[in-house]
Amino acid sequence: MKVTDNNWNISKVEFCEEYPQLSSKLLDKTLGYLIQKENLIVFPDTLATSEGLFEDSKVIESMNDKVKTNNIVGFIGLEDEYLTIQSRFSKEDDFFLHYMLQKVLSINVINLPVNISFEEQLYNFIIYLFPRYLKLAFKKGVYKEYERFEYNDNRVRGNVNIVRHLKHNIPFTGNIAYSTRELTAQNNVMLLIRLTIEHLKSSKIGQKVLKSDAEVAGVINEIKRLTPEYNLKQRKKIIEYNQSNPVRHAYFQDYHKLQQLCLMILNKRKHTVGNKKSKVFGILIDIAWLWEEYLNTLLKDWFIHPENRKRSHKVFMFINQKHPLYPDFIGKENNVVLDAKYKKLEESRKGINREDLYQIITYLHILKSQKAGILYPSTNDTTYEIQGVLDGFGGEIFKQSLLIPQNSRTYSQFVEQMKDSEIIFLEQLGAEVR
0 MKVTDNNWNI SKVEFCEEYP QLSSKLLDKT LGYLIQKENL IVFPDTLATS EGLFEDSKVI
60 ESMNDKVKTN NIVGFIGLED EYLTIQSRFS KEDDFFLHYM LQKVLSINVI NLPVNISFEE
120 QLYNFIIYLF PRYLKLAFKK GVYKEYERFE YNDNRVRGNV NIVRHLKHNI PFTGNIAYST
180 RELTAQNNVM LLIRLTIEHL KSSKIGQKVL KSDAEVAGVI NEIKRLTPEY NLKQRKKIIE
240 YNQSNPVRHA YFQDYHKLQQ LCLMILNKRK HTVGNKKSKV FGILIDIAWL WEEYLNTLLK
300 DWFIHPENRK RSHKVFMFIN QKHPLYPDFI GKENNVVLDA KYKKLEESRK GINREDLYQI
360 ITYLHILKSQ KAGILYPSTN DTTYEIQGVL DGFGGEIFKQ SLLIPQNSRT YSQFVEQMKD
420 SEIIFLEQLG AEVR
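Residue numbers for the sequence shown follow numbering that gives the first Met the number 0, so the first one is 0 and each next one is one higher.
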């Protein structure tokens, strides 16, 4: 059964027959519940980053005799059941999702295999996320744990080990056998990260990902320096320790997410992060957020991109700086404001829906802009459409589509076609708003 995002027409009976175990775990369960109870990685890495996803959002929900999907795509598995939620722009291979992730994460992998298994698709997407999670974790500092170290020298600074001392230091030569408990970066979590890095070096996609930017390279060099005792022969021991001992300290929550990701990469086809194999595993992606961040890679030279999470470039509805708002894109000359919408606007006879229309009119009025528009993906063409000019204070309302290619045979062909679409998109938008 092919499942795509924002699909309201999936038979509930057929879905439950196709996925009997997954349906019982996923249907009508909130995202907050699934994150807490299952082995799922959600991207973006915190729901606070997403404007459209909340803890009470549902991946799949029932509506009478149907089930519906929302703005969530990804790969979900449980034992021998595998569910892929693709973008609605995909045919067989979800080139569009790959493309947006690579653009947002600054990764360049052109030669993607086609018609690959669920496991390989999940594996590739998890690899894409590794540099981001690695950098986020290291921004909190080096992760350290208390470890026991054994010494035999004349600088005693711990508990004397009588048995070991008698074994190694008779006749007495001046040394004392003792042990200490030290806070160190030479621990199983850091060794897991090192193990994952060395594992990724063995694949072409992994090599590309590890070279994605200078910051990643710097972090990798630091990890190598901090783990001099790394030994591939300890792989099983390191993995088993991390499966049984998740990072729990609240400050190092980003290390817990990185630990999860590393275990999924290293286990690959075993589908388990912890010791419980009966848990749902996989990755969920907020595709509406991804669409917005992808557009930012195209528009960053012309527009400011306010970020709710960082509280940057906010505007206020009232003059006393109350009720902050975060438009998706504000023109650097302040003459235009844009909102990214992952919606099927090309099929809408009435144009922009009321809620979205009122939202961009609010932005236009507060910023005293001349134009306000919606940016959306389309299977038809790339078009700039004027919806009308506002009465009263004036201001043009428009929508701008970006064509997503539908006839690509390979990923490299899709990339070239997307570049052509982007050129037309920027030419049309630039002619109207610059």
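Built from N, CA and C at the ideal position, the CB exists for glycine as well.
Legend entry - Every unbroken alpha helix (DSSP H) within the stretch 274–327, with a cutoff of 4 residues, ordered by chain: 286–298
Inset, instruction - Sort out for me which residues DSSP pairs Y177 with in a bridge. - result: Start at 1 with the first residue of the sequence shown, and residue 177 comes out as number 178. DSSP lists Y150, V159 as partners of Y177.
Inset, instruction - Measure the CB-CB distance between K398 and I351 and report whether it falls below 8 Å. - result: As a working mapping, residue 398 is identified with position 399 in the sequence shown. As a working mapping, residue 351 is identified with position 352 in the sequence shown. A contact, by the Cβ cut-off of 8 Å.
Inset, instruction - Could you tell me which of N319, L283, E149, Q358 sits nearest to P43, measuring between CA atoms? - result: Here residue 43 corresponds to residue number 44 of the sequence shown, with the count starting at 1. Of the listed residues, the one whose Cα sits closest to P43 is L283.
Inset, instruction - Drop a sphere of 10 angstroms on the beta-carbon of P19, count the other beta-carbons inside from all chains shown, and report buried for 16 or more, exposed for fewer. - result: Numbered from 1 along the sequence shown, position 20 holds the residue referred to as residue 19. Looking at its Cβ environment, which holds fewer than 16 other Cβ atoms inside 10 Å, P19 is exposed.
Legend entry - Opening and closing residue of the alpha helix (DSSP H) in which Q358 lies: Counted from its first residue, the sequence shown places residue 358 at position 359. From DSSP, the alpha helix (DSSP H) with Q358 extends over 353–366.
Inset, instruction - Note down the Cα distance separating V314 from K418, rounded to an integer number of angstroms. - result: The count along the sequence shown starts at 1 and reaches residue 314 at position 315. The count along the sequence shown starts at 1 and reaches residue 418 at position 419. Distance between the alpha carbons of V314 and K418: 33 Å.
Legend entry - Span separating the alpha-carbon of T3 from that of K11: As a working note, residue 3 is residue 4 in the sequence shown. As a working note, residue 11 is residue 12 in the sequence shown. Taking the straight line joining both Cα atoms gives about 15 Å.
Inset, instruction - Alpha carbon to alpha carbon, how far is N160 from F129? Give it in angstroms, no decimals. - result: The sequence position of residue 129 within the sequence shown is 130, counting from 1. The sequence position of residue 160 within the sequence shown is 161, counting from 1. In a straight line, the C-alpha of F129 is about 42 Å away from that of N160.
Inset, instruction - Assign D79 to one of three DSSP states: helix, strand, or coil. - result: Along the sequence shown, one-based indexing puts residue 79 at 80. Three-state result, D79: coil.
Legend entry - Residue from M0, Y341, F74, K166 with nearest C-alpha to M263: Along the sequence shown, one-based indexing puts residue 263 at 264. Checking every option, the nearest Cα to that of M263 belongs to F74.
Legend entry - 8 Å Cβ shell around N379 - same chain, five flanking residues per side excluded: Numbered from 1 along the sequence shown, position 380 holds the residue referred to as residue 379. Around N379: E345, S400, L402.
Inset, instruction - Could you check the C-alpha separation between V66 and I34 for me, to the nearest Å? - result: Along the sequence shown, read from residue 1 onward, the residue named residue 66 stands at position 67. Along the sequence shown, read from residue 1 onward, the residue named residue 34 stands at position 35. If I take the Cα positions, the gap works out to 21 Å.
Legend entry - DSSP beta-bridge partners of A339: Reading the sequence shown from its first residue, position 340 is the one you call residue 339. DSSP output for A339 lists L374 as bridge partner(s).
Legend entry - Coarse secondary structure for T195, derived from DSSP in three states: Along the sequence shown, one-based indexing puts residue 195 at 196. Three-state result, T195: helix.
Legend entry - Integer Cβ distance of M99 from L289, believed to fall under 8 Å: As a working note, residue 99 is residue 100 in the sequence shown. As a working note, residue 289 is residue 290 in the sequence shown. Yes, M99 and L289 are in contact; Cβ-Cβ is about 5 Å, under 8 Å.
Legend entry - Same chain, Cβ closer than 8 Å to I40, neighbours up to 5 away in sequence not counted: The sequence position of residue 40 within the sequence shown is 41, counting from 1. Cβ neighbours of I40 beyond the five flanking positions: I125, L128, K256, Q259, L260, M263, G281, I282, L283.
Inset, instruction - Could you say if the stretch 193–208 and the stretch 141–154 meet the contact criterion of at least three C-beta pairs nearer than 8 Å? - result: no
Inset, instruction - Would you kindly work out how many angstroms separate the C-alpha atoms of I106 and N123, rounded to a whole number? - result: Translated into the one-based positions of the sequence shown, residue 106 becomes position 107. Translated into the one-based positions of the sequence shown, residue 123 becomes position 124. Approximately 12 Å, taken between the alpha carbons.
Legend entry - Segments assigned beta strand (DSSP E), at least 3 residues, entirely inside the stretch 216–273: none
Legend entry - Contact under 8 Å by Cβ, I373 with D355: Looking up residue 373 in the sequence shown gives position 374. Looking up residue 355 in the sequence shown gives position 356. Cβ distance < 8 Å, so I373 and D355 count as in contact.
Inset, instruction - Would you identify the three-state DSSP class for E144, choosing helix, strand or coil? - result: Sequence index remark: in the sequence shown, residue 144 carries index 145 (1-based). E144: strand per DSSP, three-state reduction.
Inset, instruction - Would you kindly report the start and end of the unbroken alpha helix (DSSP H) that includes I106? - result: The sequence position of residue 106 within the sequence shown is 107, counting from 1. Here I106 belongs to no alpha helix (DSSP H), and DSSP marks it neither H nor E.
Legend entry - Residues near Y383 in its chain [Cβ-Cβ closer than 7 Å; skip 5 each side]: By one-based count along the sequence shown, residue 383 stands at place 384. F397, Q399, Q427, L428, E431, listed in sequence order.
Legend entry - Cβ pair L182, L82 closer than 8 Å: Here residue 182 is taken as the residue at index 183 of the sequence shown, counted from 1. Here residue 82 is taken as the residue at index 83 of the sequence shown, counted from 1. Not closer than 8 Å, so no.
Inset, instruction - Pull up the distance between the alpha-carbon of K278 and that of Q185, whole angstroms please. - result: Residue 278 sits at position 279 when you count from the first residue of the sequence shown. Residue 185 sits at position 186 when you count from the first residue of the sequence shown. Their backbone Cα atoms lie some 30 Å apart in a straight line.
Inset, instruction - Go ahead and label H248 buried or exposed: buried means 16 or more other beta carbons lie within 10 angstroms of its beta carbon, across all protein chains shown. - result: Stepping through the sequence shown from its first residue, residue 248 is reached at position 249. With fewer than 16 Cβ atoms within 10 Å of its Cβ, H248 is classed as exposed.
Legend entry - E332 versus A339, N295, K134, I303, residue with shortest Cα-Cα distance: As a working mapping, residue 332 is identified with position 333 in the sequence shown. Looking at the Cα atoms, I303 is the closest of the given residues.
Inset, instruction - Tell me, to the nearest whole angstrom, how far the beta carbon of G394 is from that of L363; I am working on the premise that it is less than 8 Å. - result: On the sequence shown, residue 394 is found 395 positions in, with the first residue counted as 1. On the sequence shown, residue 363 is found 364 positions in, with the first residue counted as 1. With a Cβ gap of about 5 Å, G394 and L363 count as contacting.
Legend entry - Sequence-distant residues of the same chain with beta carbon closer than 8 Å to D212, five excluded per side: Looking up residue 212 in the sequence shown gives position 213. The residues are S105, P130.
Inset, instruction - Sort Y142, F148, I329 by Cα distance to V246 and report the nearest one. - result: Translated into the one-based positions of the sequence shown, residue 246 becomes position 247. When each option's Cα is compared against that of V246, the closest is Y142.
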